[in-house]
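Chemist: Below are the structure tokens for one structure; questions will follow.
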Amino acid sequence: MTEHFTFDELTDSPHHPGMVAINRQAALTDMVVMDGLRETAELLELIRAAAGRYFHRELVVRVTSGFRCHQLNALVGGSATSQHRLGQAADWYLIDPTDGNMVDPKLVFGWLVLSGLSRRWHQCYLDIRRHFIHVGVATGREDGQWWYLLPNGARVKEV
Ligand SMILES: [Zn+2]
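Residue numbers (our numbering): 12 to 170.
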């Protein structure tokens, strides 16, 4: 889709491998989803580049969930109105390729909300329990939202 993000990773489902072919077929046959995936990849490129400058090394953005077709979204318990349904969101974390370790998601999220990129996203949150950051592309309405998602489902601005 872009230099560092492929269609395959943005339509993958590591936890539901049996759904991947169905999910990809649903994406390929929907122009709205394909546009959404391109926008998501472009947003991830911005984040990747900014993170590299901030952390002074090239980091890998590992996507755990991008587009989710109706069936896959139901399987993972996603909201019916989730931007994932349109390919407009990704869950991800950063990996430092020098040691293969995840960069502390709290550190990454704390940087991200102050990075100046908030106008580029609609919603962005850190899932404290599952250690990923969700980001959805800007929609032109109520963009720039962010919060920490606690294990009990509460949305808070600090942890
Ligand atoms: Zn998400």
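C-beta atoms are modelled at their ideal positions from N, C-alpha and C, and glycine is treated no differently. None of these values were measured; they are calculated from a predicted model.
So the candidates are Val31, Arg141 and Ala101; which of them puts its Cα closest to the Cα of alanine 149?
Modeler: Of the candidates Val31, Arg141 and Ala101, the one whose C-alpha sits nearest the C-alpha of alanine 149 is Ala101.
Chemist: Tell me which same chain residues have a C-beta within less than 8 Å of the C-beta of valine 31, skipping the five on either side of it?
Modeler: For valine 31, where only same-chain residues beyond five positions count, the Cβ hits under 8 Å are Thr22, Asp23 and Ser24.
Chemist: State the DSSP-derived secondary structure class of arginine 49, mapped to helix, strand or coil.
Modeler: Here arginine 49 sits in helix by DSSP.
Chemist: I want to check one thing, is the minimum distance from the CB of aspartate 102 to the heavy atoms of ligand 1 below 7 Å?
Modeler: Yes, since a heavy atom of ligand 1 falls inside the 7 Å radius drawn around the Cβ of aspartate 102.
Chemist: Can the beta-carbon of glycine 98 be found less than 8 Å from the beta-carbon of glycine 151?
Modeler: Not closer than 8 Å, so no.
Chemist: If you check the beta carbons only, do histidine 145 and tyrosine 136 fall under 8 Å apart?
Modeler: Yes.
Chemist: Quickly, what does DSSP pair cysteine 135 with across the bridge? List them, please.
Modeler: Partner(s): Val146 and Trp157.
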